Amino acid sequence: MEYKRVLFDEYRDQISDVRRKVFIEEQKCPVHTEWNEQEDADSIYFICLKGERVVGIARIRNVGKDLRKLERVAVLNEFRRRGICSELIRNAMIYVQTTQPDASIYAYAQVYAIQVYVNLGFSVISNVWVEDETFLRHQTIFWSHPQAVQRFLENEKARSPESIEGLQEYDVHHPKMIAKIEKYKERLENFGNLQTLHLHLDDWIISRILRQRFGRFANISFSSENFEKEYEFLAGLADEKLNTGHFNEVDENWRIFYSLVSYVKCVHLFENGNYEEAINLADKGLCMGRIDEEKVAFRKLAYIIHSCLDVPKIKIHPKFLEILKSKKFSTNNPIAEFQEEDGFEKLIEAVQNQKPVIIRNFAKNMNAFDKWSFEFLLSELHSRTFPVEIGSKYSDENWSQKMMSFSDFLKNEENETVYLAQHRIFDQVPSLKEDLIIPDVCFLTEENPENIDINMWCGPSGTVSPLHTDPRNNVFVQIFGSKIVKMVDPKESEFVYP
1 MEYKRVLFDE
11 YRDQISDVRR
21 KVFIEEQKCP
31 VHTEWNEQED
41 ADSIYFICLK
51 GERVVGIARI
61 RNVGKDLRKL
71 ERVAVLNEFR
81 RRGICSELIR
91 NAMIYVQTTQ
101 PDASIYAYAQ
111 VYAIQVYVNL
121 GFSVISNVWV
131 EDETFLRHQT
141 IFWSHPQAVQ
151 RFLENEKARS
161 PESIEGLQEY
171 DVHHPKMIAK
181 IEKYKERLEN
191 FGNLQTLHLH
201 LDDWIISRIL
211 RQRFGRFANI
221 SFSSENFEKE
231 YEFLAGLADE
241 KLNTGHFNEV
251 DENWRIFYSL
261 VSYVKCVHLF
271 ENGNYEEAIN
281 LADKGLCMGR
291 IDEEKVAFRK
301 LAYIIHSCLD
311 VPKIKIHPKF
321 LEILKSKKFS
331 TNNPIAEFQE
341 EDGFEKLIEA
351 VQNQKPVIIR
361 NFAKNMNAFD
371 KWSFEFLLSE
381 LHSRTFPVEI
391 GSKYSDENWS
401 QKMMSFSDFL
411 KNEENETVYL
421 AQHRIFDQVP
431 SLKEDLIIPD
441 VCFLTEENPE
451 NIDINMWCGP
461 SGTVSPLHTD
471 PRNNVFVQIF
481 GSKIVKMVDP
491 KESEFVYP
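Going by UniProt numbering, the first residue of the sequence shown is number 1, and it counts up by one from there.
Structure follows, in structure tokens:
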């Protein structure tokens with residue numbers, strides 16, 4: 001089967017044939033209710049082709065500011081029960097989500113097909129009503145996301161009282177429906193729409209069968225014995241994909257899939273008060289997976305879960321609090337130093353000449369400089385889990401890495417050499433990023449802040465990073481303690497040995 005997005009005139013005869021067979025001949029709809037040239041001209045059609053034959057259709061019509069109507073969903077009788085209807089509706093939802101992100105979708109769906117829409121993320125907002133002339137039973141359904149539904153409700157508030165007079169109670173603009181959509185918005189703002197998460201999965205990588213299985217998983221009650229079975233299967237499959245080959249070569253869609261599966265279970269764990277298990281799973285999903293926070297607020301959920309947990313009273317390992325005296329090394333190539341207030345031009349010159357430079361008092365305006373201590377980080381991160389290096393340096397044979405809570409990291413009861421090194425902690429815990437200021441010099445070669453990597457190194461005294469080459473320019477900021485940095489001019493690389 002092939003799915004395409006088309007205009008009505010591109011497949012006029014075949015689309016009309018499907019509508020005639022399904023709505024007029026099969027469902028006995030009056031002919032005059034079926035055809036409207038203007039509506040067809042205002043619509044985008046989604047079709048399913050079997051060879052060159054159109055066997056299924058659906059359309060999205062622009063019916064107002066930031067509002068689209070899904071209608072004329074039909075599949076020829078001999079091609080039903082193959083998932084065609086679901087794929088057509090899903091394609092329409094993805095189209096609106098990607099090309100008209102501020103738009104919401106509603107439909108007047110026939111009752112016998114309601115479950116198909118619900119499984120895809122639509123919410124039923126009306127009682128059953130009978131359509132005039134066709135006498136078919138319908139219900140009003142609605143789908144949106146937090147930003148789009150807010151736009152819709154704002155537009156509705158601007159409507160004049162005259163414009164809603166005489167509306168049927170099932171009409172999406174009727175005050176009763178608006179009240180239902182207000183409640184729908186409240187649910188979205190909590191944890192989004194779990195049933196709609198399938199829209200974030202790429203059709204070319206995640207098969208239709210797997211997407212549908214994930215959709216059913218998102219619909220299962222947490223108390224059902226099938227929930228844990230489905231979670232184990234889906235999470236196990238995703239984990240297998242993440243651990244096949246080199247981690248950096250794994251397709252991003254499997255990372256997204258892993259995060260989405262984790263997110264669904266986290267929501268249920270949180271709602272049932274299982275905060276410890278929920279935050280552990282959330283961090284695993286955020287560290288190993290990938291998620292667009294604007295579409296799925298996983299980091300926000302993790303923050304909320306963590307705020308429900310008490311800060312443990314622990315003894316921080318003395319190595320974390322030990323401040324070693326800095327050693328000065330003699331060098332034939334002294335590094336230029338100046339104060340932060342001495343001017344941006346000197347810094348630009350150093351970057352352009354590919355020369356290292358030391359800037360004193362560079363971080364004094366960052367909140368992190370005054371706020372951050374191990375006690376503060378414990379209060380913010382105690383139950384959060386991160387990848388921690390075990391061993392003096394990663395080039396040693398006994399070096400390893402494991403996931404560890406921040407409180408266990410600071411306790412270090414095994415008295416190991418532990419190091420939270422080069423981790424994108426600010427992606428995982430965005431609230432910490434509020435204490436930083438991205439230096440202006442970073443924008444010399446990168447205009448988009450999203451493309452600037454911000455990593456964190458955190459460890460006790462004596463931690464070591466072996467000599468290595470970084471692919472990007474670095475601005476290193478020391479917030480607490482001190483660090484010895486040895487640098488080699490790239491021109492001398494051939495003389496460097498292990």
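Every residue, glycine too, gets a C-beta built ideally from N, C-alpha and C.
Quick caveat, the model's predicted, so the values are computed rather than measured.
Residue i: first and last residue of the uninterrupted beta strand (DSSP E) it sits in
| i | result |
| --- | --- |
| TRP457 | 456-458 |
| MET404 | 400-405 |
| LEU420 | 418-423 |
| ALA109 | 104-110 |
| LYS229 | From DSSP, LYS229 is part of no beta strand (DSSP E) but of the alpha helix (DSSP H) over 225-242. |
For residue j and residue i, the rounded distance between their alpha carbons
| i | j | result |
| --- | --- | --- |
| VAL464 | SER392 | 6 Å |
| GLU2 | PRO471 | 43 Å |
| TYR258 | GLY166 | 49 Å |
| ALA148 | PHE495 | 59 Å |
| VAL118 | GLN195 | 8 Å |
| ASP453 | ASP17 | 55 Å |
| ASP9 | ARG299 | 45 Å |
| PRO146 | VAL267 | 17 Å |
| LYS69 | VAL96 | 11 Å |
| TYR45 | LEU197 | 23 Å |
| LEU260 | THR469 | 34 Å |
| LEU281 | SER262 | 6 Å |
| ARG187 | ASP251 | 32 Å |
| PHE386 | PHE374 | 15 Å |
| LYS180 | ASN365 | 48 Å |
Among the options, the one whose alpha carbon lies nearest that of residue i
| i | options | result |
| --- | --- | --- |
| VAL73 | SER104, GLN27 and GLN97 | GLN27 |
| VAL6 | ILE57, ASN36, ILE24 and ASP283 | ILE57 |
| GLU156 | GLY166, PRO175 and GLN168 | PRO175 |
| LYS315 | LYS411, GLN354 and TRP204 | LYS411 |
| THR140 | TRP129, PHE386 and GLU133 | TRP129 |
| ALA113 | GLN97, VAL75, THR134 and ASP132 | VAL75 |
| ASP440 | LEU197, LYS284, GLU340 and SER379 | GLU340 |
| VAL22 | ALA238, LEU199 and THR134 | THR134 |
| PRO460 | PHE320, PHE480 and ILE291 | PHE320 |
| GLN168 | GLU131, GLU182, ASP13 and LEU234 | GLU131 |
| ASN36 | ARG12, GLU25 and CYS48 | ARG12 |
| VAL55 | ILE15, THR33, GLU34 and ILE89 | ILE15 |
| ARG211 | LEU378, ASN226 and ILE256 | ILE256 |
| ARG290 | VAL475, TYR303 and ASN248 | ASN248 |
Per-residue DSSP class, three states only, for residue i
| i | result |
| --- | --- |
| SER123 | strand |
| HIS200 | helix |
| GLN115 | helix |
| CYS29 | coil |
| TRP129 | strand |
| ARG360 | strand |
| LEU7 | coil |
| TRP35 | coil |
| TYR184 | helix |
| ILE437 | coil |
| PHE142 | strand |
| LYS300 | helix |
| ASN280 | helix |
| ALA167 | This sequence places Leu at residue 167; Ala is not what is there. It is coil, neither helix nor strand. |
Proximity of residue i and residue j at Cβ, strictly below 8 Å
| i | j | result |
| --- | --- | --- |
| PHE362 | VAL477 | yes |
| LEU444 | VAL351 | yes |
| GLU39 | ARG53 | no |
| LYS144 | SER104 | The residue asked about is misnamed: residue 144 is Ser in this sequence, not Lys. For SER144 and SER104, yes; Cβs fall inside 8 Å. |
| ASN77 | GLY121 | no |
| TRP372 | GLN422 | no |
| ILE279 | ILE305 | yes |
| VAL388 | PHE369 | no |
| LEU309 | TYR275 | yes |
| TRP254 | LYS241 | yes |
| SER431 | SER405 | no |
| VAL475 | LEU378 | no |
Endpoints, alpha helix (DSSP H) assigned at residue i
| i | result |
| --- | --- |
| THR385 | Note, THR385: premise wrong, no alpha helix (DSSP H); beta strand (DSSP E) at 385-390. |
| TRP254 | 252-271 |
| ILE84 | 84-99 |
| PHE344 | 344-352 |
| TYR45 | Counting along the chain, TYR45 falls outside any alpha helix (DSSP H), though it belongs to the beta strand (DSSP E) covering 43-50. |
| GLU450 | Looking at the DSSP string, GLU450 is not in any alpha helix (DSSP H), and its letter there is neither H nor E. |
| PHE338 | Looking at the DSSP string, PHE338 is not in any alpha helix (DSSP H); the run it does join, the beta strand (DSSP E), is 336-339. |
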